[in-house]
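*Asks:*
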Amino acid sequence: MRPVLLPASLEELWPLMRDHPGAAFMAGGSDLLVRLRQGLVDPPAIIGLEGIAELGLVHDEAPGWLFLGAGASHTALLEHSLVQRRLPLLAQALAVLGSPLVRNQGTLGGNLGTASPAGDTLSPLYALEAQVELRSATGSRRLAIADFILGPGRTALQAGEIIYGAWVPLAQDWSLAHFEKVGLRQALAIAVVSLAALISLDDGGVVREARLALGSVGPTVVRPRQAEQALLGRPLDAASLKAAARLVRQEVSPIDDPRASAHYRRQVAGNLLLRLARPAD
Ligand SMILES: Cc1cc2nc3c(=O)[nH]c(=O)nc-3n(C[C@H](O)[C@H](O)[C@H](O)COP(=O)(O)OP(=O)(O)OC[C@H]3O[C@@H](n4cnc5c(N)ncnc54)[C@H](O)[C@@H]3O)c2cc1C
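First residue of the sequence shown? That's 73 in my numbering, and the numbers climb one at a time after it.
Laid out in structure tokens, this is it:
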């Protein structure tokens with residue numbers, strides 16, 4: 073029988089991790105339970121994290137940063153006033169993640185831990201240039217999300233560490249925050265392509281900063297830097313977005329899979345950019 077351990081605090085967690093090497097963490101279980109049932113993983117023990125209240129914290133106590141605890145469910149984040157007010161980009165992604173049931177069960181830490189290129193919280197966190205905090209019995213470290221996610225299902229998490237949460241810089245008020253995912257159906261769809269975009273415009277409507285992050289078009293979320301650069305200094309109109317869309321299609325590296333062909337993904341990745349056009353005043 074595989075033991076299931078339920079620590080109620082981090083102090084209880086560390087010795088359990090030491091005594092059960094190779095144990096799998098379970099937050100909401102919406103990914104892990106599927107993989108257990110499919111026989112894709114067979115850990116010697118399971119450590120449930122849901123009893124550790126500290127992991128569910130959301131706060132803005134550190135000036136300039138919003139902290140999102142790994143154990144916060146997608147619903148809790150979506151309903152949190154700080155997320156609604158300060159991170160509309162993430163809120164848009166959370167609103168279309170799975171179904172109400174999946175959002176109630178699934179957590180931010182689980183989305184990060186699964187490290188799927190289709191994970192809906194990832195492209196917003198890349199665009200926001202979030203950092204992931206990892207904790208162990210002996211300390212803590214923070215990594216840029218792009219350094220934390222190494223590939224599909226692969227992260228920089230090391231033995232003895234847990235994902236503690238994500239730190240999101242609040243440096244800017246963006247003129248435009250837009251998340252969109254294209255799936256095979258309207259609801260409960262895994263992204264075939266997703267785009268998270270943050271745009272800052274000056275008073276004349278000219279792009280001062282552009283951050284684009286695309287999901288499901290490569291082994292990890294892609295920031296198409298040339299497309300971002302191409303938007304700078306131009307109005308956010310059809311002509312500039314079309315030019316940037318062409319660059320996006322060159323910068324992504326999607327694969328064919330049962331949900332969509334690489335060609336389709338490449339086209340849609342560019343097309344999603346066209347939605348950012350602002351109507352002329
Ligand atoms: C029907 C269905 C629909 C779905 N739709 C979507 C969707 O639209 N978009 C989307 O992005 N995802 C979707 N998912 C996937 C899943 O719900 C999300 O990835 C969710 O965020 C996982 O969170 P969890 O807490 O349930 O993770 P778990 O299953 O508990 O864990 C997932 C992985 O992360 C690890 N982990 C969890 N917490 C920590 C931690 N604190 N420290 C270290 N490792 C940790 C676990 O060990 C495991 O490897 C769907 C899943 C299902 C079953």
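Glycine residues also receive a C-beta, built at the ideal position from the N, C-alpha and C atoms.
1) What's the C-alpha gap between D353 and P307?
2) Can you give me the C-alpha to C-alpha distance between A299 and W246, rounded to a whole angstrom?
3) Which residue comes first and which comes last in the beta strand (DSSP E) that contains H250?
4) Along the chain, where does the beta strand (DSSP E) that runs through A117 open and close?
5) Quick one: is the Cβ of S212 within less than 8 Å of any heavy atom of ligand 1?
6) Put Q339 into one of helix, strand or coil per three-state DSSP.
7) Could you please give the first and the last residue of the uninterrupted beta strand (DSSP E) stretch that includes L98?
8) Three Cβ pairs or more, each shorter than 8 Å: is that satisfied between the region 284–293 and the region 330–343?
9) Is S81 near ligand 1, with its Cβ less than 8 Å from a heavy atom?
10) Taking only heavy atoms of ligand 1 into account, decide whether any of them is closer than 8 Å to the Cβ of S171.
11) How many Å lie between G276 and Q322 at the Cα?
12) Indicate whether the contact test is met: 3 or more Cβ pairs, each with one atom in the region 131–150 and one in the region 179–195, closer than 8 Å.
13) What residue ranges within the region 296–351 form continuous beta strand (DSSP E) runs of no fewer than 3 residues, ordered along the chain?
14) Terminal residues of the continuous alpha helix (DSSP H) containing E84?
15) What are the start and end residues of the alpha helix (DSSP H) that includes V294?
16) By the 10 Å Cβ neighbour count, where 16 or more other Cβ atoms means buried, how is I217 classified, buried or exposed?
17) Measure the alpha-carbon distance for P135 versus D328 and round it to whole angstroms.
18) Please work out which residues of its chain come closer than 8 Å, Cβ to Cβ, to R226, disregarding the five sequence neighbours upstream and downstream, and give them in chain order.
19) Helix, strand or coil for R109? Go by DSSP, reduced to three states.
20) Given 8 Å as the limit, tell me if V48 has its C-beta closer than that to any heavy atom belonging to ligand 1.
21) Going by DSSP, what residue range makes up the beta strand (DSSP E) through G287?
22) Touching or not, the region 81–99 and the region 115–130, by the rule of three or more beta carbon pairs under 8 Å?
23) At which residues does the alpha helix (DSSP H) containing V155 begin and terminate?
24) Apart from the five residues on each side of it in sequence, which residues of its chain come closer than 8 Å, Cβ to Cβ, to V324?
*Replies:* On the basis of the coordinates in this document:
1) Here residue 353 refers to the residue found at position 281 of the sequence shown. Here residue 307 refers to the residue found at position 235 of the sequence shown. Confidence is the limiting factor: at D353 the pLDDT is only 47, short of 50, which leaves the residue's position unreliable and the question unanswerable from this model.
2) Within the sequence shown, numbered from 1, the residue matching residue 299 stands at position 227. Within the sequence shown, numbered from 1, the residue matching residue 246 stands at position 174. Cα-Cα distance, rounded: 18 Å.
3) As a working mapping, residue 250 is identified with position 178 in the sequence shown. Element bounds for H250: L248 to V254.
4) Here the question's residue 117 lines up with position 45 in the sequence shown. Careful: A117 lies outside any beta strand (DSSP E) and carries neither H nor E.
5) As a working note, residue 212 is residue 140 in the sequence shown. Outside the cutoff, so no.
6) Here residue 339 refers to the residue found at position 267 when the sequence shown is read from its first residue. Helix at Q339.
7) As a first step, residue 98 must be located in the sequence shown, where it is residue number 26. The sequence shown places Met at residue 98, not Leu. First-last of the beta strand (DSSP E) with M98: A96 to M98.
8) yes
9) Indexing the sequence shown from 1 puts residue 81 at position 9. No.
10) Locating residue 171 in the sequence shown gives position 99, where the first residue counts as 1. Yes - ligand 1 has a heavy atom lying nearer than 8 Å to the Cβ of S171.
11) Position 204 of the sequence shown, counting from 1, holds the residue named residue 276. Position 250 of the sequence shown, counting from 1, holds the residue named residue 322. If you take the alpha carbons of G276 and Q322, they lie about 30 Å apart.
12) yes
13) none
14) To locate residue 84, count along the sequence shown from 1; it is residue 12. L82 to D91 is the span of the alpha helix (DSSP H), which, as asked, contains E84.
15) Sequence index remark: in the sequence shown, residue 294 carries index 222 (1-based). Where V294 is concerned, there is no enclosing alpha helix (DSSP H), given that its DSSP letter is neither H nor E.
16) Here the question's residue 217 lines up with position 145 in the sequence shown. So I217 ends up on the buried side.
17) By 1-based counting over the sequence shown, the position of residue 135 is 63. By 1-based counting over the sequence shown, the position of residue 328 is 256. Their backbone Cα atoms lie some 44 Å apart in a straight line.
18) Stepping through the sequence shown from its first residue, residue 226 is reached at position 154. Counting only Cβ-Cβ distances below 8 Å, and skipping sequence neighbours, we find A187.
19) Within the sequence shown, residue 109 is the residue found at index 37, counting from 1. Helix, per DSSP.
20) Nothing about residue 48 can be read from this structure; the chain reaches only from 73 to 353.
21) Position 215 of the sequence shown holds residue 287. V279 to G287 is the span of the beta strand (DSSP E), which, as asked, contains G287.
22) yes
23) Within the sequence shown, the letter at position 83 stands for residue 155. Here the alpha helix (DSSP H) through V155 covers S153 to R158.
24) Indexing the sequence shown from 1 puts residue 324 at position 252. Taken in chain order, the residues that qualify are L286, V289, G290, V294, P296, R337, R338 and A341.
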